[in-house]
Amino acid sequence: MPKEDPFVNRAQLLKAIKKYPEIWDSNNKLHMCRSVTAPMWNEIAEQFGGHVPTVKLQSIWSQMKYHYHNLVHRQILHKERFTTKWEHFEPMSFMYNITVAKIVGAAGGNDANQQQHLQSPTTVSLPTPPPTPTTPQTQGRGRPSGSFTWLPAQPQQQQQQQ
């Protein structure tokens with residue numbers, strides 16, 4: 055974690071951010087709406103006496119999220135052996151479900167298989183290579199190489215009409 059700014063109390067920042075799910079909850083419909091989140095950041099900045107720019111607070115928040123994400127990932131991988139001395143790990147637990155969903159890729163499919171993959175990183179399943187093409191090769195721009203075998207077979211009635 056980078057050297058801490060002495061003017062920004064991170065515990066206070068976490069308490070302030072926790073009140074605004076639009077800022078921290080990526081599932082919230084207004085999460086990416088700056089016209090909604092900008093006034094929230096301004097209110098948070100006011101809690102620091104107005105001497106800390108919102109950009110600085112957002113940067114600190116981003117660093118904290120990144121660090122929390124890495125710790126949760128380690129916790130998932132090494133459940134039995136995981137320990138942390140980071141004082142903000144527990145206060146950031148309101149982000150736990152969202153963070154796990156990002157790590158596991160909940161939107162991507164089967165959670166059980168992905169969770170198992172996270173628990174055993176040595177077993178990596180490689181994607182199967184694509185099947186070899188059965189159609190003849192082309193000579194650039196999709197042109198067939200000398201034959202019309204690439205065309206679908208037409209019934210005899212249609213061939214006679216042409």
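Quick note: to get this note's numbering, add 54 to the position in the sequence shown (first position is 1). For each residue, glycine too, the CB sits at the ideal point set by N, CA and C. Computed from a predicted structure; not experimentally measured.
In summary, Val109 is exposed, with fewer than 16 beta-carbon neighbours lying within 10 Å of its beta-carbon over all protein chains present. The residue from Arg88, Lys69, Leu84 with its alpha-carbon nearest to that of Ser147 is Lys69. For Arg64, the uninterrupted alpha helix (DSSP H) segment begins and ends at 64-72. Unbroken alpha helix (DSSP H) runs of no fewer than 4 residues, entirely contained in the region 66-131, are found at 75-78, 88-100, 108-131, following chain order. Rounded to whole angstroms, the gap between the alpha carbons of Lys119 and Arg64 is 12 angstroms.
Looking at Thr138, Leu131, Ile71, Ala155, the one whose alpha-carbon comes closest to that of Glu97 is Ile71. Sequence-distant Cβ neighbours of Pro107 in its own chain, meaning closer than 8 angstroms and more than five residues away, are Ala99. For the pair Phe143 and Leu131, the CB atoms are not nearer than the 8 angstroms cut-off. Sequence-distant Cβ neighbours of Arg128 in its own chain, meaning closer than 7 angstroms and more than five residues away, are Phe136. By the Cβ neighbour-count rule, Met149 is buried, with 16 or more other Cβ atoms within 10 Å of its own. A buried status is given to Trp95, since no fewer than 16 other beta-carbon atoms sit within 10 Å of its beta-carbon. The shortest C-alpha to C-alpha distance from Thr153 to any of Lys73, Gln101, Asp79, Val62 is the one to Asp79. The criterion of a C-beta distance shorter than 8 angstroms is not satisfied by Glu76 and Leu67.
Between Gly104 and the set Gln117, Val62, Asn81, the nearest pair of CA atoms involves Val62. When C-alpha distances from Lys73 are compared across Ser113, Pro145, Ser89, the shortest belongs to Pro145. Counting only residues of its own chain and dropping the five nearest sequence neighbours on each side, Ile114 has a CB closer than 8 angstroms to the CB of Asp59, Val62, Arg64, Leu67.
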